[in-house]
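See structure below.
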Amino acid sequence: MKLLKSLNESQLAAVEYNSGPHIIVAGAGSGKTRVLTIKIAYLLENGFDPSTILALTFTNKAAKEMKERVIKLIGKKAEKIWMGTFHSIFARILRAESTRLNYQPNFSIYDKEDSVALVSTVINEMNISIDSTANNVHHRISNLKNQMISPLEFSKNMAETIIDKRIASIYLEYNKRLFENNAMDFDDLLLKPIELFTNHARVLQKYRKMFKYILVDEYQDTNRAQYEILKLLTAPRTKICVVGDDAQSIYGWRGAEIRNMLEFEKDFPKAKIFRLEQNYRSTKNILSAADSVIKKNTEQIAKTLWTENNDGEKLAIIKCADEKDEAFQIAKQIKKEISSKKLSLSDIAIFYRINSQSRALEDGLRKNKIPYKIIGGVEFYRRKEVKDIVAYLRILSNQNDEESLLRIMNFPQRGIGNTSISKMIAFSRKLELSLFTTMSRVFEVIEVKERIQKNVKQFKLLLDKYIDLKDKLSLMELTSALVDELGVLRMYKEENTPESKTRYENVQELLSGIQEFSKNNPKATIEDFLADVSLISGVDQFDETNNSVTLMTVHSSKGLEFPVVFVTGCEEDIFPLNPKFDSDSQTEEERRLFYVALTRAEKKIFITYARSRYRFGEVAYQNRSRFIEEIDPSFYDELNGGIGRKSGRRKKVYYDEFYQESFDDFDQEKRSLRVGSRVTHELFGMGKILQITGSGDTQRVTIAFEEHGNKQLLVKFANLQLI
C-alpha cells in the first residue's frame, strides 16, 4: 500500500497493528484523522469485509469526510462500512430493532428544544410546583440518563429532598410521554441500545458477530453510556481500536468521562498503546506555549509533543481596556494580518469561552466591514420557520408525535387557540387517545366551539391528504406541495419585514437542502431525512470555503485548524469559567479547553483580555486569566491596546478614525426588533418582546421569557437572537 510510505514510524506501527485491543494516543496536530483513515483502508486491503467494520466518530462531518477519503483510496466497496456518530449508528440499529422495545420504526428523535417543551408540558399538566425552569429540569434528567440512572432508581435510592422527589415524578412522566409519542430524545439513542442488548441476547450476539472490528475516534469524550455500549459489543474475539487525546477531553460538563481514556489498559489488560507525538500543524513557539500550560495538569497520559516546523512568531498577548477595545484591537490585527501576509479571511478564527462574548466582537467586525460567520449560534435546523416545516414532516411520518402536532396546530394561524387545544388534550387524556386521533373526534369535545371544531377538521383533512401522498411522491415533491398549500412563503413575503425576509430565505434554503439530500440519496425516505436532520450539529455545517472570519466557542473549534487564531476574554471568571467554585478536575478541564484553543493555530496566536467588561448589566473589573500566567514568557510578547490613553473623548476619536463609516445595515438587527418578536437570550432562553422603549445605545426591551418571567434588558448588551 503506497500510502504507508507517507506515514512516520509511530503512525505506521499504529496502522499495521491488528493483533488485539489497542489505544492510539494522538496529540494535537499529529495526523490522527489521516492515521485512522489509512488504518481503515489498510484493513479493507487486507481482507476485512467492510460491512463488519464499525467506525464511530463524534460529528457527522468527520464521519462523512473520513468515509469519502476511504472510498477514494479503496473504491466503492468502502461504502458498506458502518461509519457515523454514536447517535446516528445506534439510531439506525434502533429503527431496525424498534419492535423489540415496543417502538414503531418511524419514531421521532427529539432535540433539546423538543425535550424541554415536553418537560414543560409535563410540569404544567401534573400541576407540580417546582422552583426551577423546564430547561434546568431537563438538564437534570439528561444528566441522570447519561449516568444510566432510571426514574425508579432515582426515586427509590437517591431522591432525598422534596425537589428531588418532584423531579423523579417529572422524569417518570417525561419518559412515559416520550414512549406514547413514539419518540426518543438524544440520550435515549444511547440508553435504548443498552436496554436492547441487555434484554435480548440474540440481538446482542447478532451485532457482536456482525462487528468484527470496532474503531472509536475522540475516545476521551465518551460518556458512561457509550462506554457500556462498547463493552457490550466487544466480544472476546472482537478487535477494538480507540483513538483520542486525554489533553483534549473537554466535555465533562455533559457527561464525558476522561477515565475511559486513562483506564483503557485496565479495561483491556492486553491492550497495546501507541503514541503519536509529532505535530504537523503548529510552529515550535505555539506548541511549546501550549505544552507549558497543559503540563500543569496531573490527570493525563505521559507524552511529549514535538515538531519539525520552524519556530514561527511568538504569541501576542494584548491587554485591552474593555470589550469594545478588545473588538477594536482584533479588527486592527486582522487587517494587518491580511495585508502583510496575504492571508484570506477564512484563515482567521476568533474563539470565545461563552456565547455572550460574541456581541461586542460582531459589532467591531461589522463596523470595519470584515465579513464573518458564527458557528454554533442559532443553528439552521433549530430556527423557528425551519422547525415548523420539519414538524409537519414529522407528523406525516409519526402521527403519535404530540409535540410536533402542538407546534403546527395553529401554524399558519387557523383560529385554533391554546384554550381549545387544552380542551382537546384533556379529552385525549381522559379517553387515552392520541391527540391526532382526538382531532377526528373533535365534535365530541363539546367545550370547543363549533367554528373551531370546523377549523380542526380542515387541519386534520390537510394532514390526512399528505399522509396519503407520503409514499406516492418524492420527498421534494411532497414538501414543495405542502409548503405551497400552507402558503408559508406567501405569508412571509407579504409581511415584508427584515425578519420575515430572513424566514422566507430560510424556508427556501430548507427546500434546497431537501432537494440536495434527495439527489445524494435517491432511495431515501422521509424518515431518513428526518433522522439526518435530527442529528445535525452546528459544527457539521461549518463551511471552510466561505471567505469570512470564523467566530465560535472554543468547544466548537475542536477538530478544526486555522493559520491565525484569536483567543478572547482570557480573564478569571470567563476563561477559566467560575474559577472560585471549580474543583481541581473542573479546573483541569478548563485548562484542557485553553490547550485546545492554542493548538488550533498553525502560524500565529493572539490572546486578548480586558481590564473591565460589561457583564450582567454592570461594569465588572477583570483579572487576567491564570492560564496566561502559566505560559512560559519566552514564547510570547505583550502588547497594550486602549490601556493608558488619556481620555474617554480621545479614545472615542481613536476608535472612530479606525472604524470609518458604519455598515448601512449595522443597526438593522436592532431595528427589526418589534413588539411580538420571538427572541433567544443566552441566559434567559426563549421569550417574546412585550415593550420597546428608547433608541440607540439606550434602547431597552421588556421580554416575557418562557422560563424566567418578565425581564427588562438593554438591547446594546443583551445579544438577542431573533427566532
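In the working numbering, the protein residues as written are -9 to 713.
We treat Cβ as the ideally placed atom computed from N, Cα and C, and that holds for glycine.
Given the structure is predicted, the values throughout are model-derived calculations rather than measurements.
According to DSSP, residue i sits in a beta bridge with which residue or residues?
i: H12; result: C231 and K262
i: A694; result: K678 and N700
i: L44; result: W72 and I204
i: A718; result: The structure shown does not extend to residue 718, since the chain is modelled only from -9 through 713, so no value can be given for it.
i: T174; result: Thr is not the amino acid found at residue 174; the sequence shown has Met there. Answer is I99, bridged to M174.
i: E143; result: Note: E143 sits in no beta bridge, so no partner.
i: W296; result: Q268
i: T492; result: DSSP output for T492 lists no bridge partner at all.
i: L305; result: Y626
Just to confirm, is the Cβ distance from residue i to residue j under 7 Å?
i: F97; j: A18; result: no
i: T558; j: Y270; result: no
i: I713; j: T683; result: no
i: V112; j: I160; result: yes
i: E87; j: V15; result: no
i: Y362; j: V539; result: yes
i: L305; j: I618; result: no
i: R581; j: S547; result: no
i: Q216; j: S239; result: no
i: S334; j: N536; result: no
i: I79; j: P40; result: no
i: M716; j: K51; result: The structure shown does not extend to residue 716, since the chain is modelled only from -9 to 713, so the question has no answer here.
i: L34; j: I64; result: yes
i: F519; j: L468; result: no
i: D177; j: K221; result: no
Have a look at the options and flag the residue whose alpha-carbon is nearest the alpha-carbon of residue i.
i: E253; options: R244, V691 and G234; result: G234
i: R325; options: I338, D315, K314 and I276; result: Residue identity differs from the one stated: residue 325 is Lys in this sequence, not Arg. Closest by alpha carbon: I338.
i: I526; options: Y371, M481 and R82; result: Y371
i: V25; options: D101, F264 and M73; result: F264
i: V438; options: L453, G407 and F552; result: G407
i: H698; options: A53, F674 and S9; result: F674
i: Y599; options: S575, D391, E628 and E579; result: E628
i: Q711; options: I679, K166 and M466; result: I679
i: Q195; options: D175, E298, T228 and Y241; result: T228
i: L453; options: I385, L423, A514 and F507; result: I385
Measuring straight from C-alpha to C-alpha, what distance separates residue i and residue j?
i: L181; j: L84; result: 11 Å
i: K641; j: A317; result: Unreliable placement is indicated for K641, whose pLDDT of 41 sits below 50; the coordinate value is still reported in the next sentence. In a straight line, the C-alpha of K641 is about 14 Å away from that of A317.
i: S637; j: K309; result: Note that S637 has pLDDT 37, beneath the 50 cutoff, so the model's placement of it is unreliable and the number below is only indicative. Looking at the two C-alpha atoms, the distance is approximately 17 Å.
i: M414; j: R404; result: 16 Å
i: K593; j: L383; result: 46 Å
i: F449; j: M399; result: 8 Å
i: S282; j: Y7; result: 32 Å
i: R59; j: N92; result: 38 Å
i: Y482; j: L472; result: 16 Å
i: E651; j: V609; result: Confidence in E651 is poor, its pLDDT being 32 and thus under 50, which makes the residue's placement too unreliable to answer from.
i: R616; j: L351; result: 23 Å
i: M542; j: L703; result: 24 Å
i: D779; j: A280; result: Because the chain is modelled from -9 through 713, residue 779 falls outside the range shown and cannot be assessed.
i: R90; j: K332; result: 60 Å
i: E647; j: S602; result: Unreliable placement is indicated for E647, whose pLDDT of 39 sits below 50; no coordinate value is reported for it.
i: A149; j: A158; result: 7 Å
i: N275; j: Q323; result: 19 Å
Compute the minimum distance between the beta carbon of residue i and the heavy atoms of the ligand PLP, and state whether it is under 6 Å.
i: Q681; result: Judged by which ligands are present, the structure shown has none, so any question about the ligand PLP falls away.
Quick check on the burial criterion: 16 or more other C-beta atoms within 10 angstroms. Buried or exposed for residue i?
i: I28; result: buried
i: P183; result: buried
i: D236; result: buried
i: P141; result: buried
i: G37; result: exposed
i: A292; result: exposed
i: S410; result: buried
i: T212; result: buried
i: L(-3); result: buried
i: R664; result: exposed
i: V5; result: buried
i: R373; result: buried
i: T428; result: buried
i: M116; result: exposed
i: M737; result: No information on residue 737 is available, as it lies outside the stretch -9 to 713 that the chain covers here.
i: Q681; result: exposed
i: P95; result: exposed
i: Y241; result: buried
i: Q498; result: exposed
i: P226; result: exposed
Got a sec: is the Cβ-Cβ distance from residue i to anything in chain D below 7 Å?
i: Q505; result: Among the chains in the structure shown there is no chain D, since it carries only a single protein chain.
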